[in-house]
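Student: One structure follows; several queries about it will come next.
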Amino acid sequence: MQNGSLADDSCRSLPSTSVQVLIAALENAKHKGFENFQNMNPSAGTAARLPKTLPSPSRTGKIAFKVPGTDIDAETWYALYGELSEHVTPLICLHGGPGMAHNYILPCAHLSSAPFSRPVILYDQIGCGNSTHLREKKGDTDFWTSDLFIAELENLQLYFGIKKFDLFGQSWGGMLGALYATKRPAGLYRLIIANSPASLTTWVEVADKLRKELPKDIQETLTRCEEEGKTDTEEYETAMMSFYERHVCRVVPFPDELVQTLDQVKDDDTVYMTMNGPSEFNVIGSLKGWDITPELHKINVPTLLINGNYDEAQDITMEPFFREIPGKVKWVRFPESSHCPHLEETEAFVEAVGNFLTSESS
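Position one of the sequence shown corresponds to residue 1 (full-length UniProt numbering), numbered consecutively onward.
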């Protein structure tokens, strides 16, 4: 993992990709109140002194969750880092997928330690990880919806008695977090959208472009497996790994936290297959065509955008968040990262998020 910290003012610059689109966005957003774009710069910052091991949760448990409109009694597993207090705003973290358990975003737990000392809540959305699995619901697009996961998030807040909170969402979690923020929930104080597309149509277009940069034999394997309906084979999985190592996580071998998440979704892909589909290139689930762009003007809290230089969430997939969300929006890009800067440039990631959460201007 890379050591790093926030760049000083001399290092602030526009990301190098999609420059014309982003310059236009910047010109239309001078009122936003932040130094809008920031590339990270390796240096010895506060968060570079992170301990080698993750902090331990102060407690873990399961929350009863009655699935709305059904007779299903489910449970949501959670881990709390630090202690909840009326004087410090907690950070609730939404993992990606859908259906990718919390393990791979465990570095967010570092924010519970000094110097940031924010209470952090990680949890597994139902259908994956340590929460209730519902394999019999595979393919049920009426059941697996964004509204289901928003209801689960609100149930978690009710359980903890949380009145005010910050929200972090990574990939699908950022999509869910943005959707929730458009509803203007009373307790939401700050929003972090990490490595997330505003439109899945654009996401697939970018993924297809990145796919064409893979070795020709890998491209041919992916195409053949998709045409033959063999996306559940080891051959397809091996070919996909070439894409993942370039655009999902560039730490090789993959960190244990990511391996644990991937192993879990391999064991139960109910949610992922129903809502997404076999891969980034083959989004055929209920989220196909998802586009939150027309609703982004409803978000009314300070927002931090995060992506990586090699991210499958390339700048053009995130630009609508910057352009359409009114008020204070900051965008930080990690030069050595792809889709998981929390794993690839952990120290710089923790400092960027921690500074945003503790900034008076936000």
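Note that the Cβ used here is the ideal one computed from N, Cα and C, for glycine as well. Keep in mind that this is a model prediction, so the values were computed, not measured.
Exposed or buried, which one is LEU84 when buried takes at least 16 other CB atoms within 10 Å?
Tutor: Counting Cβ neighbours within 10 Å, LEU84 comes out exposed, since fewer than 16 surround it.
Student: Taking DSSP as the reference, what is the three-state secondary structure of ASP208?
Tutor: Of the three classes helix, strand and coil, the one that applies to ASP208 here is helix, per DSSP.
Student: How should SER5 be labelled, buried or exposed, when 16 other C-beta atoms within 10 angstroms of its C-beta is the threshold for buried?
Tutor: Residue confidence is low: SER5 scores 29 on pLDDT, short of 50, so the model does not pin down where it sits. No coordinate-derived value is stated.
Student: Are there 16 or more other CB atoms within 10 angstroms of the CB of ARG49, so buried, or fewer, so exposed?
Tutor: With fewer than 16 Cβ atoms within 10 Å of its Cβ, ARG49 is classed as exposed.
Student: Between which two residues does the beta strand (DSSP E) harbouring THR270 extend?
Tutor: Looking at the DSSP string, THR270 is not in any beta strand (DSSP E); the run it does join, the alpha helix (DSSP H), is 270-275.
Student: Three or more beta-carbon pairs under 8 angstroms between the segment 194-205 and the segment 251-260, yes or no?
Tutor: Contact between the segment 194-205 and the segment 251-260 is absent, because fewer than three Cβ pairs lie under 8 angstroms.
Student: What does TYR81 pair with, by DSSP beta-bridge criteria?
Tutor: According to DSSP, TYR81 bridges with VAL120.
Student: For the segment 257-267 and the segment 200-216, state whether three or more C-beta atom pairs, one from each stretch, are separated by less than 8 angstroms.
Tutor: They do not touch, by the three-pair rule.
Student: Give every residue of the same chain whose Cβ lies closer than 6 angstroms to the Cβ of VAL67, excluding the five residues on either side of it in the sequence, and list them in chain order.
Tutor: These residues qualify, in order along the chain: ALA74.
Student: If you count every other CB in all the chains shown that lies within 10 Å of the CB of GLU220, and 16 or more means buried, which is it?
Tutor: Per the 10 Å Cβ criterion, exposed.
Student: Keeping to the same chain, check which residues put their C-beta closer than 7 angstroms to that of HIS297; ignore five residues upstream and five downstream.
Tutor: Cβ neighbours of HIS297 beyond the five flanking positions: GLU324 and PRO326.
Student: Quick one: what's THR132 bridged to in DSSP?
Tutor: None, per the DSSP bridge assignment.
Student: Examine the Cβ distances between the segment 168-185 and the segment 90-107 and report whether three or more of them are shorter than 8 angstroms.
Tutor: Touching, per the Cβ criterion.
Student: Just checking, does the segment 179-195 make contact with the segment 152-165 on the three C-beta pairs under 8 angstroms criterion?
Tutor: The segment 179-195 is in contact with the segment 152-165.
Student: By Cβ distance below 6 angstroms, which residues in the same chain neighbour GLU27 in space, the five residues on each side in sequence not counted?
Tutor: Bear in mind that the predicted position of GLU27 carries a pLDDT of just 44, short of 50, making it unreliable; the figure below should be weighed with that in mind. So the list is empty, once near-sequence residues are dropped.
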